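Numbering (the numbering used here), first residue to last: 1 to 105.
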Amino acid sequence: MTAVEIAPQEEAPRPWWMENAACRGKSDLFFPPPGERPAARENRETRARQVCGSCVALTPCQDFARSQRELGFWGGESEIERAEAGYAPTTPVIGLRRHRASARG
Ligand code: SF4
């Protein structure tokens, strides 16, 4: 019996926008630490939004995050904002229920 040789998989090249992302090295701003409180989240996302506002990758990044149902802050949107736009992550969104309740008043 002959062993089957499996060729190593080549990694797909990263899209141009990931290579030019203004958030490179700033993951702490874009993904919450465990147990993040609502006020801290709001503060973190405000700072993340400022970084996104100057990023050349805003549109493709937002499209990617929506299509991949990502968690975290991508393309100027929080996961709550993506969920509200109809692109909810496939895992539960922390704070979404409270956000909807406060929006109803
Ligand atoms: S738009 Fe925001 S999250 Fe997307 S690559 Fe740029 S800085 Fe990063």
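Glycine included, each C-beta is placed from N, C-alpha and C at the ideal position.
What you are looking at is a predicted structure, and each value in this text was computed from that prediction instead of being measured.
For a test of the three-state rule: what should DSSP assign to residue i, helix, strand or coil?
i, result
"GLU5", "coil"
"GLU10", "coil"
"GLU77", "strand"
"THR46", "helix"
"CYS52", "helix"
"ARG82", "helix"
"GLU19", "helix"
"ARG24", "coil"
"ARG41", "helix"
For the alpha helix (DSSP H) containing residue i, name the first residue and the last one.
i, result
"CYS61", "58-68"
"GLY30", "Inspection of the sequence shows that residue 30 is occupied by Phe rather than by Gly. Residues 27-30."
"ALA103", "96-104"
Just to confirm before moving on: does the CB-CB distance between residue i and residue j stay below 7 Å?
i, j, result
"ALA103", "PHE73", "no"
"LEU107", "GLU81", "Past the edges of the chain, shown from 1 to 105, lies residue 107, and the structure says nothing about it."
"PRO89", "ARG66", "no"
"SER54", "ALA22", "yes"
"GLY25", "CYS52", "no"
"LEU29", "ARG44", "yes"
"LEU175", "ALA85", "Because the chain is modelled from 1 through 105, residue 175 falls outside the range shown and cannot be assessed."
query = Are at least three pairs of beta-carbons, each pair with one atom in the region 35-44 and one in the region 56-71, less than 8 Å apart?
reply = no
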